[in-house]
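In full-length UniProt numbering, the protein residues as written are 1 to 88.
Below is the structure:
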């Protein structure tokens, strides 16, 4: 299909199949401390403690409001830990 000089391909798949594909691919996203923006002192402090937690080898419980980055931080901790090659 072409529209005003732009080309794209339209694929039609059952909605459930697309949901399964998206869910499986989202689980493969990997975050690291290097990807985090450390512009303010509190974020730098959080990254420092996250790196310590990754080296500790103990379970970590992250608490906070929705949308503050708990998932990103937990993946960064996992990816810098000894368990990085294992399941998240």
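Even glycine gets a Cβ: it sits at the ideal position worked out from N, Cα and C.
Please go through the same chain and pick out, in chain order, the residues whose beta-carbon is closer than 6 Å to the beta-carbon of residue i, but skip the five residues on each side of it.
i, result
"residue 32", "76, 79"
"residue 70", "62, 64"
Assuming contact is defined by CB atoms lying nearer than 7 Å, are residue i and residue j in contact in what I supplied?
i, j, result
"residue 38", "residue 44", "yes"
"residue 73", "residue 50", "yes"
Answer with buried or exposed for residue i, where buried requires no fewer than 16 other C-beta atoms within 10 angstroms of its C-beta.
i, result
"residue 56", "exposed"
"residue 94", "With the chain represented from 1 up to 88, any question about residue 94 goes unanswered, as that position is not in the structure."
Which residues in the same chain as residue i place their Cβ atom closer than 8 Å to its Cβ, once the five residues preceding and following it in sequence are excluded?
i, result
"residue 30", "75, 79"
Taking only runs of the alpha helix (DSSP H) that begin and end inside the segment 8–54, which ones reach a length of at least 4 residues, in chain order? 15–26
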